[in-house]
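**Student:** Keeping their order, the protein sequence lines are chains L and P.
Residue numbers for the first sequence follow the working numbering, so the first one is 1 and each next one is one higher.
Residue numbers for the second sequence follow the working numbering, so the first one is 1001 and each next one is one higher.
For every residue, glycine included, the Cβ atom is placed at its ideal position computed from N, Cα and C.
Can you read through this structure? Questions will come right after.
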Amino acid sequence: MDIAINTGNSRYQVDKNGYYGRFGGAYIPEMLYPNVAELQSRYLEVLSDPGFQQEFEDLLRDYVGRPSPLYFAKRLSEKYKAKIYLKREDLNHTGAHKVNNTIGQILLAKRLGKHRIIAETGAGQHGVATATVCALMGMECVVYMGSIDIERQAPNVARMKMLGATVVPATSGSKTLKDATNEAIRDWINNPVDTHYILGTAAGPHPYPDMVARFQSVISEEIKKQLLEKTGSEDPNYVVACIGGGSNAAGAYFHYLDRENVKLVAVEAGGKGVHSGFSAATTQLGTIGIIHASKTLLMQTNDGQIVEPHSISAGLDYPGIGPMHAHLYESGRAQFLSATDEEALAAAYELSLLEGIIPAMESAHALAKLKDLTLQPEDVVVVCLSGRGDKDLDTYIRHMNK
Amino acid sequence: MQNRIDQLFAKKQHGVLNIYCTAGFPQLNDTLPVMTALQQHGADLIELGMPFSDPLADGPVIQDSSTKALQNGMSLHKLFEQLSGFRDRIQVPVILMGYFNPVLTYGVEAFCAKCAEVGVDGIIVPDLPMAEYENEYRPVFEKYNLHLIFLVTPETSEERIRKIDSLSKGFLYAVSSSSTTGKDKDMGDQQAYFERLKKLQLSNPVLIGFGIKDKATFEAASAHANGAIIGTAFIKAIEHSQNIDETVKTFISGIIQQ
Ligand SMILES: Cc1ncc(COP(=O)(O)O)c(C=O)c1O
């Protein structure tokens, strides 16, 4: 379970300046310079240290429960007339892929001598995953969460508190993930010395998009081995993942980026419809700009004000997209689709009834596009099932009663 | 023509008072009345905030003023409309302060051209890093004789301060502590940092910003630098003002002797 280290000559990996094509960089105010520069100069050295890798690997195995299974979904496959495999990130400790990254970053924070951890969270999955590793390491933990998300993801708020974290509501702007991220960045500006910011997705200033992708790359590393065992080939025809900021997708794509025979499919949150005014489909609606210190695609007005997105899923309710994905979109390497709230709900119900798995609302977006892929019976499709649906039961129940 | 910021520092090296106000605040059309009153009552420099939906480096007071200004209908286009012809009435140097995204979306060259056309002298973009400025945008700013003013903090290394000093024009904006705007930090803690800056004998004047709120803090800052910048305290003062001119007069006379 090595953390991918070689930058090599990939067209799709970060370059030495922190860019993916024309996207990326670190558009940070000077107050953040020492923190970000420290990360930039040290992350590769720390990640490639054998002691670090060993500790990361041990925790992923014994604490998170990796490798996560690659499950052949028989009834789903029958329905869509292809060979569909689910990468079961929902079976990880804390219930989503987010913990792969928080384990990596807390180990990094320890090596950088930090004592205090801050994080942003949307669905609360990253907040829980951060609170969990802070409890594990005995570190102080402050999680910023939009006040609207605090309401719609109540069970995760309770979990964070039980794990000893302080949950601070973000009440500015749209009161969701984007604003929670702003608050976390402000906290970091005000606490430059002792604090590490565990950003939860493959977005933000360089080196976060690359660092988070590397920690999540364990997903595709395992897929390769598991598929080889099950099908005789490491390569599927399709890898499908949902995209909020892009961390589960980055992890699921990572080792396939330069294998152009593997089609990469990214599913964004269409909300009530891409052109309804209530959507989070960034590549469809966005233009180039700066969000959370990264030059990438984002939803904005003609005046350059960042737009408040909409998605039924708190984890996808983000007006930007990580710079790696902006580049995968622009270069045509990945195909970008969007699923509406309704399509995602229907897919969540379908997976529950066909396979006995209740997926997270976010992951249901990825499942929802199986119907739109032109699949051949021999096609092998891997869907990244990024998380489980316990946190979304309220939403599901409300829909059931309709 | 020589840049007005340079003209100012050529004749005044001590106690330079720079006041920040968000454009379009408290009411949409208060931009010019506030600027006029600031000049009238003794501000040496005016820093106008271009409101942004996601002002990362600002504390709650300036964030709220930004949100309010946007609700009032403020935008970059609107701001340039309001500023057109303002040089007939206002002679003090004017700096626009804002985040990079709206500028990028407006078009960096179009933005600079417009600034030059209306008579803006300098720009502060906290999230435009030095390296990006140097590699990509510097020639455009210089073409239009706009000074790009950079921030330095207590954590900025001497080597980096010198580099920033060599790229900056107008003055350096010394953040008095690594904090978002409006944070109270003890001036005493910052003395060593100000002394250190002074000893570096930089080529640009230095103004101290963040945390300056009254006569005492202004004087303390001025003792160590060429002057200081007041933002949050001024926003609080005019937030509910019924009479902009009176409010500005009272505010400034509380800070400097006329
Ligand atoms: C289960 C799950 N999947 C996906 C996401 C989206 O994030 P990302 O795009 O970083 O994978 C989230 C975010 O909270 C999540 O909780």
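(1) Give a single yes or no on whether Asn-1018/P has its beta carbon closer than 6 angstroms to a heavy atom of ligand 1.
(2) Distance check for Arg-66/L and Arg-398/L, CA to CA, integer angstroms please.
(3) Just how far apart, CA to CA, sit Tyr-1144/P and Arg-1138/P?
(4) With DSSP as the reference, label Ala-1023/P as helix, strand or coil.
(5) Following a CB-centred definition, is Thr-201/L positioned closer than 6 angstroms to any heavy atom of ligand 1?
(6) Just the Cα atoms here: how many angstroms apart are Leu-76/L and Lys-230/L?
(7) Can you check which of these residues, Asn-1226/P, Pro-1060/P, Lys-1163/P, Val-1034/P, is closest to Thr-1180/P by C-alpha distance?
(8) Could you check if Val-1248/P is buried or exposed, using at least 16 other CB atoms within 10 Å of its CB as the buried criterion?
(9) Which residues in chain L have a C-beta closer than 7 angstroms to the C-beta of Glu-1155/P? List them in chain order.
(10) Please tell me whether Pro-207/L and Gln-40/L are closer than 7 angstroms, where the distance is taken between their beta carbons.
(11) So is Arg-116/L in contact with chain C if we call contact Cβ pairs under 7 angstroms?
(12) With distances taken Cα to Cα, identify the nearest neighbour of Ser-1168/P among Arg-1160/P, Ile-1149/P, Ala-1174/P.
(13) Please name the residues in the segment 1050-1061 of chain P whose beta-carbon is closer than 9 angstroms to at least one beta-carbon of chain L, in chain order.
(14) Quick check: is any heavy atom of ligand 3 less than 6 angstroms from the C-beta of Gly-315/L?
(15) Return the bridge partner residues of Phe-1052/P from the DSSP annotation.
(16) Can you give me the Cβ contacts of Leu-1008/P inside the same chain, cut-off strictly under 8 angstroms, excluding the 5 residues immediately before and after it?
(17) Counting only Cβ-Cβ distances shorter than 7 angstroms, please list the residues of the segment 204-235 of chain L near chain P, keeping chain order.
(18) Output the residue ranges of the beta strand (DSSP E) runs that lie fully inside the segment 176-254 of chain L and measure 3 residues or longer, sorted by chain position.
(19) With 16 as the cutoff for other CB atoms within 10 Å, does Ile-1238/P come out buried or exposed?
(20) Assuming Phe-1234/P and Tyr-1020/P make a contact with CB atoms under 8 angstroms, what is their CB distance in whole Å?
(21) With burial defined as no fewer than 16 other Cβ atoms inside 10 Å of the residue's Cβ, what is the status of Ala-280/L: buried or exposed?
(22) Given a cut-off of 7 angstroms on the beta-carbon distance, is the pair Thr-283/L and Phe-23/L in contact?
(23) State buried or exposed for Leu-285/L, treating a residue as buried only when at least 16 other CB atoms are found within 10 Å of its CB.
(24) Per DSSP, Gly-387/L forms a beta bridge with which residues?
(25) So does Ala-326/L have its beta carbon nearer than 6 angstroms to some heavy atom of ligand 1?
(26) Let me see if you follow: with CB-CB separation under 7 angstroms, is Asp-62/L close to chain P or not?
(27) In the DSSP assignment, the beta strand (DSSP E) including Glu-140/L goes from what residue to what residue?
**Tutor:** Reading it off the structure:
(1) no
(2) 33 angstroms
(3) 10 angstroms
(4) coil
(5) Yes, since a heavy atom of ligand 1 falls inside the 6 angstroms radius drawn around the Cβ of Thr-201/L.
(6) 17 angstroms
(7) Out of Asn-1226/P, Pro-1060/P, Lys-1163/P, Val-1034/P, the CA that lies nearest to the CA of Thr-1180/P is found in Pro-1060/P.
(8) Taking every protein chain shown into account, the CB of Val-1248/P has 16 or more other CB atoms within 10 angstroms, so this residue is buried.
(9) Pro-34, Pro-192
(10) yes
(11) In the structure shown, chain C does not exist; the protein chains are L and P.
(12) When only C-alpha atoms are compared, the closest one is Ile-1149/P.
(13) Pro-1051, Phe-1052, Ser-1053, Asp-1054, Pro-1055, Leu-1056, Ala-1057, Asp-1058, Gly-1059, Pro-1060
(14) As presented, the structure is devoid of ligand 3, carrying ligand 1 as its sole ligands.
(15) Paired residues: none, contrary to the question.
(16) If we look at Leu-1008/P and ignore the five residues flanking it on each side, its Cβ neighbours are Val-1016, Asp-1044, Leu-1045, Val-1092, Pro-1093.
(17) none
(18) 195-197, 238-242
(19) Ile-1238/P should be labelled buried.
(20) 6 angstroms
(21) With at least 16 other beta carbons inside 10 angstroms of its own, Ala-280/L counts as buried.
(22) no
(23) buried
(24) Ala-96/L
(25) no
(26) no
(27) 140-146
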